[in-house]
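Just so you know, the sequences run in chain order A and B.
Heads up: the first sequence begins at 1 in the numbering used here, then just goes up one per residue.
Heads up: the second sequence begins at 1 in the numbering used here, then just goes up one per residue.
Since the structure comes first, as structure tokens, the remarks are kept for the end.
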Amino acid sequence: MRPIGCKGGVLIAGRRTDRQKQRKDQQKNLRMIALGALAAVLLIAAGIVLTRPKADEPLPAREPVEKLTDSIALPGYAELTLKAGVMEQEIAFRNPEQNFCYIQPSLWLADGTLLWRGQLIAPGGVGDAVILAHPLAAGEYKDAVLRYDCFRMDEEKTPLNGATTNLTLKVK
Amino acid sequence: MKKLIAFMLCLVLALSMSVIAFAAGEQTGTTTLTAKVPDASYTLHIPAAMTLEYGNTEKQIFSDKLYVENVQNASKVRFLAPYTDLINTSDSSDTIELYLCLQFSGFSYDVDKTTGKIADEIFDLYNADYSDPYQGRTFSALVTDWSGATCGATYQAVITFNVWAEL
């Protein structure tokens, strides 16, 4: 034990041991923190490298969908859930991929009130989220209508047969 | 030691920023959907159009393509088939009377133009009580008088199939 000095003729070796020990402990803690930070950095880097999509890797090939030629497939619903008190809804409609025509969905109440009319949707596409013409109060709206108008994908957008599907709107 | 820790923290910060840059790159060319497409209760198939032979005054079967598939949680799927007369696409006042019939078990049932009922009844496309619950439907069309048709005109009739599921 090396004395660090004298003060008033008294050796202060004991205090120095405590301070040295403290310093050593501190250094040990800092080393542990640094090692932990290094490990975290390496883990993050590994995660980024492993999960980053490779630009050159081609997407897995999908089987081509057999297109309908003289009929139209339309999704039907027994009920739909809508949000009460707001016009913006979190639902959208899809045109099945096997179709050869545009579909244009619209929502109506039983009394003939138009709630929403969507855009033309190409086969395989999903339309914009439904935005109602006016918000609905909470409740059940029976005999509402989801109407599909269908059109050829030509310049004139020639009308084809369409469908109306009756459903219940559950507004919550 | 302090410099080492400061350097480590800078590296962590730099790497976390590069994660954001990768995410921005990944979003390029992709579509972000903010709405959910609900699961369908059934898929309805309707005939797209009908083509009739000019001058033919016999019933012409034009489609066996009205049916449903993938019915979920419904006991019945029922339908009506209201329709219009043949309308000149260039002059909506020029029409030819059209009659629609449902062909079923060897018989022909008239479809009401306005209500879409078949022989005043409502028919099913799906009935869970049947041994074969899925019932595809075949339609025929009849024009009895072509004399009013305008030469060179294109006529079109639209059938709007009205379908609903009963739980």
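Just so it is clear, CB atoms sit at the ideal spot from N, CA and C, and this is done for glycine as well.
Note that the structure is a prediction, hence the values are computed from the model and not measured.
- Contact belief for A:Val-171 with A:Leu-82 at Cβ below 8 Å, rounded distance in angstroms: Residue 171 of chain A sits at position 171 when you count from the first residue of the first sequence. Residue 82 of chain A sits at position 82 when you count from the first residue of the first sequence. Right, their Cβ atoms sit about 5 Å apart.
- Query: Thinking C-beta only, is A:Leu-132 closer than 8 Å to A:Leu-115?
  - Reply: Position 115 of the first sequence holds residue 115 of chain A. Position 132 of the first sequence holds residue 132 of chain A. Yes, these two residues count as a Cβ contact at 8 Å.
- Test: B:Asp-74 CB closer than 8 Å to a CB of chain A: Taking the first residue of the second sequence as position 1, residue 74 of chain B is located at position 74. Note on identity: in this sequence residue 74 of chain B is Ala, with Asp being the wrong assignment. So yes, B:Ala-74 belongs to the interface.
- Residue-chain proximity (A:Ile-91, chain B), Cβ-Cβ < 8 Å: If you number the first sequence from 1, residue 91 of chain A lands on position 91. So, interface residue.
- 9 Å Cβ cut-off: residues of chain A touching B:Val-163: Translated into the one-based positions of the second sequence, residue 163 of chain B becomes position 163. Near B:Val-163 (Cβ distances below 9 Å), the residues of chain A are Leu-74, Gly-76, Ala-163, Thr-164, Thr-165 and Asn-166.
- Could you tell me whether the region 152-167 of chain B touches the region 65-74 of chain B, where touching means 3 or more Cβ pairs closer than 8 Å? yes
- Query: Which residues of chain B have a Cβ atom closer than 7 Å to the Cβ of A:Ser-71, listed in chain order?
  - Reply: Locating residue 71 of chain A in the first sequence gives position 71, where the first residue counts as 1. Those are His-45, Ile-46, Pro-47, Ala-48 and Lys-65, listed as they occur along chain B.
- Residue range of the beta strand (DSSP E) that includes B:Val-77: For the purposes of this step, residue 77 of chain B is identified with residue 77 of the second sequence, where counting begins at 1. That run of the beta strand (DSSP E) goes 76-80.
- Query: Does the beta-carbon of A:Tyr-141 have 16 or more other beta-carbons within 10 angstroms, so that it is buried, or is it exposed?
  - Reply: The residue you call residue 141 of chain A lines up with position 141 of the first sequence. The residue in question, A:Tyr-141, is buried, as its Cβ has 16 or more Cβ neighbours within 10 Å.
- Taking the alpha carbon of B:Ala-128 as the point to measure from, which residue in B:Thr-95, B:Val-68 and B:Ile-96 has its own alpha carbon closest? Translated into the one-based positions of the second sequence, residue 128 of chain B becomes position 128. Taking only the C-alpha atoms, the option nearest B:Ala-128 is B:Val-68.
- Message: With H, G and I counted as helix, E and B as strand and the rest as coil, what does DSSP make of B:Phe-7?
- Response: Here residue 7 of chain B is taken as the residue at index 7 of the second sequence, counted from 1. In the three-state reduction of the DSSP assignment, B:Phe-7 falls in the helix class, which pools H, G and I.
- Item | Nearest-angstrom Cα separation, counted from A:Glu-79 out to B:Gly-116 | For the purposes of this step, residue 116 of chain B is taken as the residue at position 116 of the second sequence. For the purposes of this step, residue 79 of chain A is taken as the residue at position 79 of the first sequence. Roughly 23 Å separates the two Cα atoms.
- Task: Count the other C-beta atoms from every protein chain shown that fall within 10 angstroms of the C-beta of B:Phe-7, then say buried if there are 16 or more, exposed otherwise.
- Result: Your numbering for residue 7 of chain B matches position 7 in the second sequence. With fewer than 16 Cβ atoms within 10 Å of its Cβ, B:Phe-7 is classed as exposed.
- Message: Rounded to the nearest angstrom, what separates A:Lys-157 and A:Thr-113 at their Cα positions?
- Response: Your numbering for residue 157 of chain A matches position 157 in the first sequence. Your numbering for residue 113 of chain A matches position 113 in the first sequence. Using only the alpha carbons, I get a separation of about 25 Å.
- Residue(s) in a DSSP beta bridge with B:His-45: Position 45 of the second sequence, counted from the start, is the residue given in the question as residue 45 of chain B. DSSP output for B:His-45 lists A:Ala-73 and B:Tyr-67 as bridge partner(s).
- Contact set between B:Tyr-42 and chain A, taken where Cβ atoms lie within less than 7 Å: For the purposes of this step, residue 42 of chain B is taken as the residue at position 42 of the second sequence. Within 7 Å Cβ-Cβ: Gly-76.
- Message: Does chain A have any CB closer than 8 Å to the CB of B:Ile-5?
- Response: Translated into the one-based positions of the second sequence, residue 5 of chain B becomes position 5. By this cut-off, B:Ile-5 is an interface position.
- Would a check of beta-carbon distances place B:Leu-9 closer than 8 Å to chain A? As a first step, residue 9 of chain B is located in the second sequence; it is residue number 9 there, counting from the start. Output row for B:Leu-9: interface = yes.
- Distance between beta carbons of A:Asp-149 and A:Gly-139, contact taken as under 8 Å: Here residue 139 of chain A is taken as the residue at index 139 of the first sequence, counted from 1. Here residue 149 of chain A is taken as the residue at index 149 of the first sequence, counted from 1. Between A:Asp-149 and A:Gly-139 the Cβ distance is about 28 Å, and since that is not below 8 Å, they are no contact.
- Output the distance between the C-alpha atoms of B:Leu-113 and A:Val-65, rounded to the nearest integer angstrom. Translated into positions along the second sequence, residue 113 of chain B becomes position 113. Translated into positions along the first sequence, residue 65 of chain A becomes position 65. Note on residue identity: the sequence assigns Lys, not Leu, to residue 113 of chain B. Computed Cα separation, rounded: 35 Å.
- Message: I need the boundaries of the beta strand (DSSP E) containing A:Pro-105, first residue and last residue.
- Response: Position 105 of the first sequence holds residue 105 of chain A. Segment 102-108, the beta strand (DSSP E) holding A:Pro-105.
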